[in-house]
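In this note's numbering, the protein residues as written are 13 to 273. Built from N, CA and C at the ideal position, the CB exists for glycine as well.
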Ligand SMILES: Nc1ncnc2c1ncn2[C@@H]1O[C@H](COP(=O)(O)OP(=O)(O)OP(=O)(O)O)[C@@H](O)[C@H]1O
Ligand SMILES: [Mg+2]
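Have a look at this one:
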């Protein structure tokens, strides 16, 4: 990197100060079309979404409706056909590739349905991986990873191979890994999809606790109505559009006799 590039990089990271309670992640008119010509499928057809710090939003919708596609676009893991994702009011598309990589690595924590842990590495090494990928020292990365493992209740499993952990434990490790870089936004794609009901509720309890503790802005894609109901806002993705889900709207309070007159 030359001197000018270094200055630009410094300026970009300095301007990333996030407004407490502000809109941190936003999508405008997002479209995603897979394929071309006669075989093109429009999965997202004009998505508008804004997510503020402290908010926990559930995205529900039938299988194949585009929930994962949307989360991938929000995390800059894929690019939209048209439309824009903004982080901290700055368009992802306007970022240089190193700033985009930094966004993915540091600003977003992503939890996948299947945890994608490296089976032969220990729980602590898996959690440390995002830090190691950005050249943190091994000792420091492991210290941070161990702190996160305490937070998810797995301090005693830190040196166990990921492959030897239970499904619920593996998902806890994946959550610790998503948060080890201290991201602003947590995106979780059916984080309880592979778990039984008891483990699913335990993972939701954990996500909710960490969301509050770390003052995050969070989105959870889920098929589980019990978990969706626990989020402040529930949006349904269907036919390429995202709308408030009527099934989860609070019923209006009944009007009392006194208020009628
Ligand atoms: N890379 C791709 N190429 C072509 N089509 C794709 C690609 N990725 C996803 N799709 C299609 O886009 C649609 C939406 O898929 P997506 O995985 O986002 O749905 P989903 O709501 O997450 O489903 P599920 O609830 O089953 O996880 C599906 O019809 C899928 O086949
Ligand atoms: Mg999906």
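Figure out for me which residue from the options has the closest Cα to the Cα of residue i.
i           : options               : result
residue 213 : 77, 46 and 183        : 183
residue 175 : 152, 127, 216 and 188 : 127
residue 238 : 250, 259, 230 and 223 : 259
residue 203 : 187, 191, 192 and 210 : 187
residue 228 : 67, 53, 59 and 49     : 67
residue 85  : 73, 112 and 210       : 112
residue 244 : 251, 253, 223 and 252 : 223
residue 34  : 63, 172 and 129       : 63
residue 161 : 137, 210 and 31       : 137
residue 208 : 56, 130, 236 and 108  : 236
residue 253 : 57, 30 and 125        : 57
residue 69  : 205, 251, 201 and 225 : 201
residue 122 : 48, 206, 195 and 215  : 195
residue 247 : 205, 77, 29 and 49    : 77
residue 92  : 105, 256 and 100      : 105
residue 94  : 125, 124 and 59       : 59
residue 119 : 142, 217 and 206      : 142
residue 65  : 30, 89 and 256        : 30
residue 100 : 49, 177 and 32        : 32
residue 147 : 179, 133 and 114      : 114
residue 226 : 210, 242, 190 and 257 : 190
residue 179 : 150, 171, 215 and 149 : 215
residue 257 : 52, 47 and 74         : 74
residue 177 : 133, 151, 255 and 46  : 133
residue 81  : 98, 53, 103 and 102   : 53
residue 61  : 47, 96 and 50         : 96
residue 90  : 255, 242, 46 and 210  : 46
For the putative contact between residue i and residue j, defined by C-beta atoms under 8 Å, what is the C-beta separation to the nearest angstrom?
i           : j           : result
residue 199 : residue 79  : Actually they do not touch by this definition, with Cβ atoms about 11 Å apart.
residue 219 : residue 83  : Contact flag wrong, Cβ pair sits at about 14 Å.
residue 156 : residue 192 : 6 Å
residue 87  : residue 116 : 6 Å
residue 144 : residue 153 : 5 Å
residue 234 : residue 72  : 6 Å
residue 197 : residue 37  : 5 Å
residue 181 : residue 169 : 6 Å
residue 7   : residue 125 : With the chain represented from 13 up to 273, any question about residue 7 goes unanswered, as that position is not in the structure.
Cβ pair count under 8 Å reaching 3, the segment 153-168 against the segment 33-52:
Cβ pair count under 8 Å is below three, so no.
* **Chain-ordered residues, beta carbon under 7 Å from a heavy atom of ligand 2** => The set of residues with any CB-heavy atom separation to ligand 2 below 7 Å comprises, in chain order, 79, 80, 125, 201, 202 and 233.
For the segment 138-190, which segments carrying the alpha helix (DSSP H) assignment without a break, of at least 4 residues, lie completely within its bounds, in sequence order? For the segment 138-190, whole alpha helix (DSSP H) runs of length 4 or above, ordered along the chain, are 150-163.
*Unbroken stretches of the beta strand (DSSP E), 3 residues or longer, contained in the segment 109-138*: Counting whole runs of 3 or more residues, the segment 109-138 contains the beta strand (DSSP E) stretches 120-123.
Could you give the uninterrupted runs of the beta strand (DSSP E) lying entirely in the segment 184-268, keeping only those of 3 residues or more?
Qualifying beta strand (DSSP E) stretches, in chain order: 197-201, 229-233, 245-250 and 253-256.
Exercise for review: Run through the segment 14-94 for me and flag every whole beta strand (DSSP E) of 3 or more residues, listed as ranges in chain order.
Suggested key: Segments of the beta strand (DSSP E) lying fully in the segment 14-94: 35-46, 53-64 and 68-72.
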